[in-house]
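In the numbering used here, the protein residues as written are 782 to 901.
In structure tokens, the structure reads:
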């Protein structure tokens, strides 16, 4: 049985992507149809309602979709961890339009997670 590779996010810090260990901000989103996540996920064109454990990454960390389907480990400052699947991008370059549900662009250090991805 082959182990899945897991990208590690330290207190929400993607150290394997950002060598400086840029701290990330964990936000909560609902990836289900008709919910605050907006359109279907960028990676697979599907909605991901609970109980699925999924995240959207800021544009730089999303890296053009290269992290789609990968599992990420999120570690809080208190040491608690959670694992979730990358399914979407939290666009850091565009926003405030219909394509982005009229939401502002994400900050460049966002890990937007489904409600059941808890590390607190």
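Backbone N, C-alpha and C define an ideal beta-carbon position, used for all residues, glycine too.
Just so it is clear, the structure is predicted and the values come from calculations on it, not from any experiment.
{"Item": "Range of the contiguous alpha helix (DSSP H) that encloses residue 840", "Value": "840-843"}
{"Item": "Contact under 7 Å by Cβ, residue 807 with residue 892", "Value": "yes"}
{"Item": "Backbone CA spacing between residue 838 and residue 870 [nearest angstrom]", "Value": "5 Å"}
{"Item": "Best match in 897, 840, 859, 855 for proximity to residue 887 [C-alpha to C-alpha]", "Value": "840"}
{"Item": "8 Å Cβ shell around residue 873 - same chain, five flanking residues per side excluded", "Value": "839, 840, 841, 886, 887, 888, 889, 891"}
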